[in-house]
Amino acid sequence: MGNEQQNFIPELSDQEGPQPGPSWARPNWLKEVSDSGADLTQALDPTAMKMAVEKAAKQAGKPSDPKAIEEAAANSIKAMMLVRLYRVRGHMAANLDPLGLHDRGTPEDLTLEFHGFKGHEDTEVFVGGVLGLEWTTVRELYNTLRATYCGAVGLEYMHIADTKERRFLQDKFESPGETIQFTEEGKKAILAAVIRGEGYEAFLGKKYVGTKRFGLDGGESMIPALEAVIKYGGSTGVREIIYGMAHRGRLNVLANVMAKPYKVIFHEFSGGTANPEDVGGSGDVKYHLGTSTDRAFDDIEVHMSLVPNPSHLEAVNPVVLGKARAQQAIRDDLKQHEQVLPVLIHGDAAFAGQGVVWESLSLSGVPGYDTGGCIHFIINNQIGFTTSPKFARSSPYPSDVAKGVMAPILHVNGDDPEAVTFACKLAVEYRQTFGRDIVIDMWCYRRFGHNEGDEPKFTQPIMYDAIRKHPKVSVIYADRLIDEGVIEKGYAPQLREEFEAQLEEEFEAAKSYKPNEADWFGGRWAGLNKPADPETARRNVHTAIERKLFDSLGRTLTTVPDDVTIHKTLGRVLKAKSEMFESGEGFDWATAEALAFGSLVTEGFGVRLSGQDSGRGTFSQRHAVWVDQNTEKKYIPLTTLPHGKFEVYDSTLSEYGVLGFEYGFAMADPKSLVMWEAQFGDFANGAQIMIDQFIASGEAKWLRANGLVLLLPHGYEGQGPEHSSARLERFLQLCANDNIQVCNITTPANYFHVLRRQMLRPFRKPLVIMTPKSLLRHPLAKSPADEFLGEHHFMRIKSDTTEIADEKVKRLVLCSGKVAYDLIQKRDEEGLKDVSIVRIEQLYPFPGEALAIRLKRMKNLKEVIWCQEEPRNNGSWFFVEEHIEAALSEAGHDGMRPLYAGRMASASPATGLAKRHQEQQEQLVAAALGLNSGK
1 MGNEQQNFIP
11 ELSDQEGPQP
21 GPSWARPNWL
31 KEVSDSGADL
41 TQALDPTAMK
51 MAVEKAAKQA
61 GKPSDPKAIE
71 EAAANSIKAM
81 MLVRLYRVRG
91 HMAANLDPLG
101 LHDRGTPEDL
111 TLEFHGFKGH
121 EDTEVFVGGV
131 LGLEWTTVRE
141 LYNTLRATYC
151 GAVGLEYMHI
161 ADTKERRFLQ
171 DKFESPGETI
181 QFTEEGKKAI
191 LAAVIRGEGY
201 EAFLGKKYVG
211 TKRFGLDGGE
221 SMIPALEAVI
231 KYGGSTGVRE
241 IIYGMAHRGR
251 LNVLANVMAK
261 PYKVIFHEFS
271 GGTANPEDVG
281 GSGDVKYHLG
291 TSTDRAFDDI
301 EVHMSLVPNP
311 SHLEAVNPVV
321 LGKARAQQAI
331 RDDLKQHEQV
341 LPVLIHGDAA
351 FAGQGVVWES
361 LSLSGVPGYD
371 TGGCIHFIIN
381 NQIGFTTSPK
391 FARSSPYPSD
401 VAKGVMAPIL
411 HVNGDDPEAV
421 TFACKLAVEY
431 RQTFGRDIVI
441 DMWCYRRFGH
451 NEGDEPKFTQ
461 PIMYDAIRKH
471 PKVSVIYADR
481 LIDEGVIEKG
491 YAPQLREEFE
501 AQLEEEFEAA
511 KSYKPNEADW
521 FGGRWAGLNK
531 PADPETARRN
541 VHTAIERKLF
551 DSLGRTLTTV
561 PDDVTIHKTL
571 GRVLKAKSEM
581 FESGEGFDWA
591 TAEALAFGSL
601 VTEGFGVRLS
611 GQDSGRGTFS
621 QRHAVWVDQN
631 TEKKYIPLTT
641 LPHGKFEVYD
651 STLSEYGVLG
661 FEYGFAMADP
671 KSLVMWEAQF
681 GDFANGAQIM
691 IDQFIASGEA
701 KWLRANGLVL
711 LLPHGYEGQG
721 PEHSSARLER
731 FLQLCANDNI
741 QVCNITTPAN
751 YFHVLRRQML
761 RPFRKPLVIM
771 TPKSLLRHPL
781 AKSPADEFLG
791 EHHFMRIKSD
801 TTEIADEKVK
811 RLVLCSGKVA
821 YDLIQKRDEE
831 GLKDVSIVRI
841 EQLYPFPGEA
851 LAIRLKRMKN
861 LKEVIWCQEE
871 PRNNGSWFFV
881 EEHIEAALSE
891 AGHDGMRPLY
901 AGRMASASPA
911 TGLAKRHQEQ
921 QEQLVAAALG
931 LNSGK
């Protein structure tokens with residue numbers, strides 16, 4: 001089944017070739033449709049209806065006098081409006097709440113009285129094939145509509161713009177052969193799955209009394225439904241499913257859907273580790289862990305993985321989508337999106353309340369982020385911890401946010417396992433046909449509190465009185481199957497006994513179970529490893545390139561095809577770039593970056609850069625994408641290179657969601673340099689959850705390495721508080737156990753080498769770079785060609801640009817980033833011959849050993865200063881102070897401590913007044929250099 005989105009949003013061709021239509025007309029919900037009418041979205045024309053009724057009356061041999069025809073046409077129009085309203089609003093009267101506490105009644109416009117049919121139920125009306133009916137009575141039409149749209153499944157789909165999609169869903173609901181139908185064997189399989197779900201929760205509750213497990217109790221219909229996703233997905237081409245989900249029911253899904261051995265989970269419940277003892281890491285609670293496995297239905301094997309997640313439950317959403325996108329790229333599935341299916345399982349309060357849900361939904365049709373549709377499954381407990389729905393959202397359903405991307409929504413009663421399984425089957429068919437998101441909102445309940453030790457009657461006594469009286473799902477469904485003659489009375493109890501015996505065996509086996517290996521360097525990660533030593537592992541990486549490749553990339557980056565008309569200013573930029581390659585001097589930041597990207601692509605790596613303005617660059621510095629000034633055709637020079645693949649995307653105006661997406665992409669593909677660029681560095685604030693709970697700690701918690709790069713523009717230019725600081729201090733505070741790398745680089749060549757180093761080492765660590773703003777074009781922040789060639793590599797420490805003999809240095813100023821050039825210029829202006837300025841290019845892991853070696857050579861050193869632009873309570877000072885002191889001690893300068901030169905502590909990151917900024921900058925530079933500023 002093809003993904004129709006490819007007709008209007010091409011993938012890489014969107015960057016390489018002409019764009020279809022003007023730039024404002026490309027979202028995936030503005031597709032042109034040629035098929036219309038059958039779903040009654042068109043206006044009902046009384047004249048046309050009269051003619052249709054007259055023709056149908058003659059064919060049926062009914063009275064055809066003008067008055068009868070007029071009345072019949074009027075009745076047909078009313079009947080059609082009744083049909084339309086049920087298609088639009090029938091879900092409002094559906095039987096959704098298993099507890100019966102939310103009896104919403106029938107909306108007025110869904111009654112016969114509203115349409116003038118009260119007392120005329122036996123009147124025959126012509127409906128022209130709708131619902132499989134031609135001439136029918138009002139009563140039959142009404143009963144058919146009620147049975148179709150107001151049963152255990154309520155469908156919301158009339159908000160969808162595309163007629164083909166609406167008709168597809170309509171046909172699935174209104175055609176007798178497409179409704180909820182299962183064979184006797186299918187029904188038995190559903191019952192068995194529900195019993196496994198219930199029995200597993202009961203067993204855990206018995207063996208581990210009072211232990212948190214966030215059980216699925218009350219929502220067990222999800223288990224056969226998710227198995228249906230595997231089965232029907234496999235039959236329609238799915239070969240891999242990537243799950244993300246919250247706590248509720250996670251252990252049940254791990255065991256009964258993902259087939260994680262019960263004994264392993266019991267081992268973890270007893271305090272055992274998920275990985276061998278010698279692996280290290282902090283570990284995490286068992287209901288945060290992921291796994292991967294293979295399951296087969298009908299001889300079709302599907303690989304499945306559940307992504308680990310933190311307690312910010314919806315944070316995993318974009319990670320799953322990014323991983324799915326990467327897997328689709330690896331499987332060459334980016335055009336059809338058939339083979340890799342993302343499935344996200346949500347809580348009702350979180351789906352309605354968490355902004356990252358919308359950020360993730362909004363990516364669904366955007367080039368570079370489209371995964372061909374995600375199946376969203378909401379476990380709607382009708383409560384969030386202690387919060388009732390009326391306090392949790394402002395809309396009727398938790399799923400309403402999904403209407404923003406025109407996703408269809410299936411509301412379903414969780415006490416009907418067949419209905420829930422049908423909803424999942426339909427979701428798979430829809431997604432595989434149209435490549436669009438779809439939502440299943442399963443109304444159920446939470447048999448216990450938020451966790452098993454919580455008392456829910458403090459806040460919801462009436463609900464929990466109803467729950468305690470309410471029979472379990474398996475009991476309700478087994479009784480139904482007995483009534484249908486599908487099973488005998490003893491069938492369900494026998495299944496329960498057999499399953500409990502199986503769990504007892506697994507429980508005993510767990511006592512002697514020991515994990516024998518960690519799974520973090522398998523599959524595409526094969527050949528990579530965890531660095532044995534954080535210091536030495538970062539050395540001896542050859543990152544320079546050959547002159548032949550250097551010159552070839554220069555031609556690629558400066559040659560404009562004959563059929564591309566570029567902007568005149570870009571022409572000047574390219575001319576300057578050509579002069580760099582001709583002279584071998586003056587290479588700027590953007591050119592060095594392009595050389596890093598191009599060389600990695602030529603060596604077979606993937607390079608993926610995304611951010612809010614990444615194609616051009618926030619400061620018009622990158623120009624990775626050239627836009628034809630006549631046609632808007634896009635030309636991307638680096639995509640013309642052989643071997644690897646270069647992608648650059650302007651993302652949605654999102655930080656949290658997009659950064660999570662890129663983290664997920666990097667999680668799946670360690671052979672691509674994956675970068676997220678903030679428009680300004682402080683925009684990372686909006687993604688802090690992703691930084692704290694995935695990027696900084698994911699390896700320690702879950703043994704999941706990741707090589708994601710964050711590019712965060714940072715530097716004090718007098719432009720106010722918000723866009724000055726990327727909050728360097730926050731990243732440094734997160735640094736421990738060799739978890740991430742933090743750099744503040746001052747030369748284009750060093751930037752080139754750190755990007756290449758990221759891919760050429762045999763391990764992956766997240767890399768945070770404070771990228772420059774004014775240094776993008778600063779006359780001193782340039783590199784010669786030879787620093788990209790030969791034996792050059794990334795320098796964690798950069799020496800002074802002025803040669804000063806070590807024995808003459810009395811004052812050493814250590815710094816990082818842009819302030820180095822202010823210091824150098826002022827020092828040279830003042831003619832200070834005993835002051836050396838050394839730049840720490842990599843702040844973490846701190847290059848203490850290398851710094852100590854350098855300090856040891858400075859025999860006459862009197863003072864060491866740390867200079868920074870940021871306020872004292874921000875920036876690097878509190879992080880580097882003890883590291884510098886340790887290096888001084890190791891170098892033999894016992895008792896010497898670093899001094900601080902920088903802005904005073906401040907609640908605001910920077911001033912917004914240009915004059916004040918300049919005064920502060922002059923003062924901190926003077927203080928660092930020991931000059932008497934007179935202020």
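Residue numbers for the sequence shown follow UniProt numbering, beginning at 1 and rising by one. In this text, a Cβ means the ideal position worked out from N, Cα and C, and glycines have one as well. As the structure is a prediction and not an experimental result, all values here were calculated from the model.
- With three or more CB-CB distances shorter than 8 Å, the segment 806-820 counts as touching the segment 829-837.
- Lys798 sits in a strand when the DSSP states are folded into three classes.
- Comparing C-alpha distances from Gly527 to each of Leu133, Asn744, Lys671 shows the shortest one belongs to Lys671.
- If only uninterrupted beta strand (DSSP E) runs of at least 3 residues are considered, those enclosed by the segment 858-884 are 863-871.
- In this structure, DSSP gives Phe351 a helical state, which the three-state scheme calls helix.
- Counted as a single uninterrupted DSSP element, the stretch harbouring Trp520 is not any alpha helix (DSSP H), since DSSP gives it neither H nor E.
- Contact between the segment 188-207 and the segment 295-311 is absent, with fewer than three C-beta pairs closer than 8 Å.
- In this model, Gln494 and Gln170 are separated by some 40 Å (Cα to Cα).
- Using a Cβ-Cβ distance cut-off of 8 Å, the segment 852-862 and the segment 876-893 are in contact, since at least three pairs of beta carbons, one from each stretch, lie closer than that value.
- Excluding five sequence positions before and after Leu96, the CB atoms of its chain that fall closer than 8 Å to its own CB belong to His102, Ala152, Gly154, His411, Val412, Asn413, Trp443, given in chain order.
- Residue pairing by DSSP places Asn744 in no beta bridge whatsoever.
- Short of 6 Å from the beta carbon of Gly586, and not among the five residues preceding or following it, lie these beta carbons of its own chain, in chain order: Met580, Lys782.
- Within the segment 348-430, the complete alpha helix (DSSP H) segments of 4 residues or longer fall at 348-353, 355-361, 389-392, listed in chain order.
- Taking every protein chain shown into account, the CB of Lys818 has 16 or more other CB atoms within 10 angstroms, so this residue is buried.
- When only Cα atoms are considered, Asp628 and Ala668 end up about 34 Å apart.
- With at least 16 other beta carbons inside 10 angstroms of its own, Ser474 counts as buried.
- Rounded to the nearest angstrom, the gap between the Cα atoms of Arg89 and Ala492 is 37 Å.
- The beta-carbon separation of Arg446 and Gly698, rounded to 29 Å, does not stay under the 8 Å limit for a contact.
- Fully enclosed beta strand (DSSP E) runs of no fewer than 3 residues occupy 240-245, 291-297 of the segment 221-305, in order along the chain.
- Cβ-Cβ separation between Gly584 and Pro318: approximately 43 Å, too far for a contact (criterion under 8 Å).
- Measuring C-alpha to C-alpha distances from Ala910 to each of Lys164, Pro871, Trp877 identifies Pro871 as the nearest.
- With a beta-carbon spacing of about 6 Å, Asp682 and Ser725 fall inside the 8 Å limit used to define contacts.
- Following the DSSP letters along the chain, one finds Trp525 in no alpha helix (DSSP H), marked with neither H nor E.
- In the three-state reduction of the DSSP assignment, Pro63 falls in the coil class, being assigned neither a helical nor a strand state.
- Distances from the CA of Glu121 to each of Thr137, Ile378, Thr556, Ile545 were compared; the closest alpha carbon is that of Thr137.
- The shortest C-alpha to C-alpha distance from Val238 to any of Leu191, Met222, Phe173, Gln328 is the one to Gln328.
- The DSSP-derived three-state label of Thr459 is coil.
- Judged by pairs of C-beta atoms under 8 Å, the segment 329-346 does not touch the segment 54-66, as fewer than three such pairs exist.
- Closest in C-alpha terms to Lys645, from the list Tyr430, Thr602, Ile745, Lys231, comes Thr602.
- Considering only Gly485, Trp589, Gly322, the residue with the shortest C-alpha distance to Glu184 is Gly485.
- Boundaries for Lys212: no beta strand (DSSP E) harbours it, and the DSSP string shows neither H nor E there.
- Collapsing the DSSP output to three states places Pro784 in coil.
- Secondary structure at His91: helix, using DSSP grouped into helix, strand and coil.
- Residue pairing of Tyr649 in beta bridges, as defined by DSSP: Ser610.
- Per DSSP, the beta bridge partners of Arg839 are Lys798, Cys815.
- Secondary structure of Glu488 (DSSP, three-state): coil.
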